[in-house]
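Q:
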DNA sequence: GTGAAAGCGCTAACAT
DNA sequence: ATGTTAGCGCTTTCAC
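Protein chains in written order, with the working numbering: chain S, 41 to 372; chain W, 41 to 372.
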């Protein structure tokens, strides 16, 4: 393993010069530059990142905290981040926050202590205040799934309200009149859930349907079978269901099958997220797509921008309009 | 951000002593130790990993190269690795090799250059020789999906032959007599494919059925619809299909549905891997399960062992016997 | 049991 | 345009 010292000696220059050609900042005579470059190549020199990091007090590593790494939805986001990061010669550390505040805090602290270049939070559960604190720690951060424009934290969000609106108005346009809404468990940090609910409400209103409280269900994914059964047992049951997450819609498909309820014959169904699995269920699931890979890519792009140009003033939140992917489950 | 210098001064000892209590190797008088510890706690001191790495020429980071990070199969393995790594205070860098030799090489070189503590290769595509070279580079490595016991490289493999044998003999025991085998594209490094094929052959033989060449299909997942149609068009078509990967079985389910072929009524189907999606397809997919999380966990455990005890002589390859998960698609 | 000091490889301020 | 040098925070000999 050679060092700049070796390169310097062999090229007949000082280590400062080698450092200069390596970092491309100060100008070096073209001739010396070529000489140094050829020696670097010959020796197969690679810079020692630890030394560089120690000296600069900053690494070339960025971190990302996701809610669940084994979920392909986040896997695709990570992939988008990683490919973009590699383009910029940055390395990525992936942390599995598991939607757990303490874990998330632990990872964030760890990354921060390790002089990370910046970090990306995918649907963080930290309260706003802590995120602001992170930002004030001088390390750039980027959020996905939380708009903190007023604190000048760059972020990307999907227009959940619009997505839900598209989904529900599509159902209504096709003739469904009694659309239920099933959402996962409530949690302070799940803004997508709230926004999707708003879109649902607005679409119903705009279509001239009333919002019936008995059609509104909030329950964790594990209890979906009992919850769905209850929903279908109310007097005058719904003729369609909009699920705030595909995950829930999967549960509905399973339960409906067990109960002998036909989708879309007896009941229409639309989800949100477009998990890969939606193409393989029976019926295939109509859903609102979040462009995961692109989201990851954009998050990274924004972060790199913040790292390289640490001033404020960029277009802070990027709102992505989602598309409705029409498949079989809505019958339209 | 405090350094050991600050701690030393405040505790009234030398930096060497602080380093000693931090590293727990040399013995320190209990009293001084307590004093130092309390100052560390008070100042909220965290060690600078870059400096440590520079000095020791080795980081506390391990790397893993997977074929596809957005695939939940690998996501679960990564999760297993990460959780175990965190237990040992190691951090994890995930690289998306994409089954591409050049990418894999690039990542391996990068990680190696970065004085990584060790690395894990999940179904690597590198040839044996390069893997041996990696090992000889003094950094411990662990493989999943490749047995290189003879080169003393620790590894974990799933008993693919046994898994395939279980799957096929299950089909035969239920009365299927004409079992086809669909595998993905051939590739030198896909040992699982070959072993699963062997298990298929052996099971057929043991059940007294002959192996018919027209029942053997090798094709990439994208072409599964044409390929499956051809398979069903041979004179005396198969009554069951064993797919070397769930991915292929998913394609079969889709195609069969389009063709109006009923599974398992017209044809039995078994896959291999137990992707999460298998529970949601219709019919649900009978398959051979690979315990992904545990595999990841064990890979990491083995790596840590190699890092801490760099001698040879451990039980080098761990062979995991897989279980057959019986669902609807085989009709048994 | 503890301290002093060298030095890991690099960057950047300063000097020439 | 290039060289000299200090020092980032840590581990690890070598003294005592």
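Each residue gets a CB set at the ideal place from its N, CA and C atoms; glycine is no exception. Bear in mind that the values here come from a model prediction, so they are computed numbers and not experimental data.
Is it the case that the segment 89–107 of chain S contacts the segment 80–94 of chain W, given that we only count it when at least three CB pairs across the two stretches are under 8 Å?
A: yes
Q: Assign residue 181(S) to one of three DSSP states: helix, strand, or coil.
A: Looking at residue 181(S) - three-state DSSP - the assignment turns out to be strand.
Q: How would you call residue 348(S), buried or exposed, if buried means at least 16 neighbouring beta carbons within 10 angstroms?
A: exposed
Q: Could you give the residue range of the alpha helix (DSSP H) that holds residue 245(W)?
A: 231–246
Q: What residue does the alpha helix (DSSP H) around residue 200(W) start on, and which one ends it?
A: Counting along the chain, the alpha helix (DSSP H) containing residue 200(W) begins and ends at 200–213.
Q: Does the beta carbon of residue 266(W) come closer than 8 Å to any beta carbon on chain S?
A: False, the Cβ-Cβ gap to chain S never drops below 8 Å.
Q: Identify the residues that DSSP records as bridge partners of residue 329(S): which are they?
A: 313(S) and 363(S)
Q: Output, in sequence order along the chain, the residues in the segment 70–89 of chain S whose CB is closer than 9 Å to any CB in chain W.
A: 86, 87, 88 and 89
Q: What did DSSP end up calling residue 258(W) once you bin it into helix, strand or coil?
A: strand
Q: Run through chain S and tell me which residues come within less than 7 Å of residue 327(W), C-beta to C-beta.
A: Those within 7 Å of residue 327(W) in chain S number zero; the least Cβ separation is about 14 Å.
Q: Relative to the C-alpha of residue 221(S), which residue among 215(S), 233(S), 241(S) and 282(S) is closest?
A: 282(S)
Q: Could you tell me the alpha carbon to alpha carbon distance between residue 153(W) and residue 235(W), rounded to whole angstroms?
A: 35 Å
Q: Should the segment 51–64 of chain S be called in touch with the segment 54–72 of chain W, which here means at least 3 C-beta pairs below 8 Å?
A: no
Q: Below 8 Å between beta carbons: does that hold for residue 160(S) and residue 185(S)?
A: no
Q: Contact check, residue 51(S) vs residue 75(S) under 8 Å by CB: the rounded distance?
A: 5 Å
Q: Should residue 198(S) be flagged as near chain W, meaning a C-beta pair shorter than 8 Å?
A: At least 8 Å separates the CB of residue 198(S) from every CB of chain W.
Q: Within the continuous alpha helix (DSSP H) that includes residue 390(W), where are the two ends?
A: Because residue 390(W) is not part of the residues shown, which for chain W are 41 to 372, the question remains open.
Q: Just verifying my parser: in three-state terms, what is the DSSP assignment at residue 34(S)?
A: Because chain S here runs from 41 to 372, residue 34(S) falls outside it and cannot be looked at.
Q: Mind pulling the beta strand (DSSP E) runs of 3 or more residues that sit fully within the segment 123–177 of chain S?
A: Correct list: 131–136 and 158–162.
Q: Here's the rule: buried if 16 or more other CB atoms are within 10 angstroms of the residue's CB, otherwise exposed. What is residue 321(W)?
A: buried
Q: Strictly below 7 Å CB to CB, what residues from chain W border residue 59(S)?
A: Within chain W, no residue comes near residue 59(S); the closest Cβ sits about 16 Å away, beyond 7 Å.
Q: Determine which residues of the segment 275–302 of chain W have a Cβ less than 9 Å from any Cβ of chain S, and write them out in chain order.
A: 290, 293, 294 and 297
Q: So, at 6 Å on beta carbons, what are the nonlocal neighbours of residue 223(S) in its own chain, with the 5 sequence-adjacent residues on each side left out?
A: 233, 258 and 284
Q: In three-state terms, what does DSSP make of residue 339(S)?
A: helix
Q: So, with DSSP's three-state summary, where would you put residue 251(W)?
A: coil
Q: Quick one: is residue 178(W) buried, meaning 16 or more other Cβ sit within 10 Å of its Cβ, or exposed?
A: exposed
Q: Roughly how far, in whole angstroms, is the beta-carbon of residue 158(W) from the beta-carbon of residue 334(W), given that I think they are within contact range, below 8 Å?
A: Residue 158(W) to residue 334(W), Cβ: 19 Å. No contact.
Q: Compare the C-alpha of residue 268(S) against each of 215(S), 247(S), 252(S) and 290(S) and name the closest.
A: 290(S)
Q: Leaving out five residues on either side along the sequence, give the residues of the same chain with a beta carbon under 7 Å from the beta carbon of residue 287(S).
A: 261
Q: Run through the DSSP bridge pairs and tell me what residue 265(S) is partnered with.
A: BP columns for residue 265(S) are empty, so no partner.
Q: Along the chain, where does the alpha helix (DSSP H) containing residue 291(W) start, and where does it finish?
A: 286–299 is the span of the alpha helix (DSSP H), which, as asked, contains residue 291(W).
Q: DSSP state of residue 188(S), grouped into three classes?
A: Residue 188(S) carries a strand assignment under DSSP once its states are collapsed to helix, strand and coil.
Q: Pick out whichever of 199(S), 295(S), 345(S) and 176(S) has its Cα sitting closest to the Cα of residue 330(S).
A: 199(S)
Q: So what's residue 72(W) in DSSP terms, helix, strand or just coil?
A: helix
Q: Which residues bound the alpha helix (DSSP H) around residue 56(W)?
A: 55–63
Q: Using a beta-carbon distance below 8 Å, is residue 111(W) in contact with chain S?
A: yes
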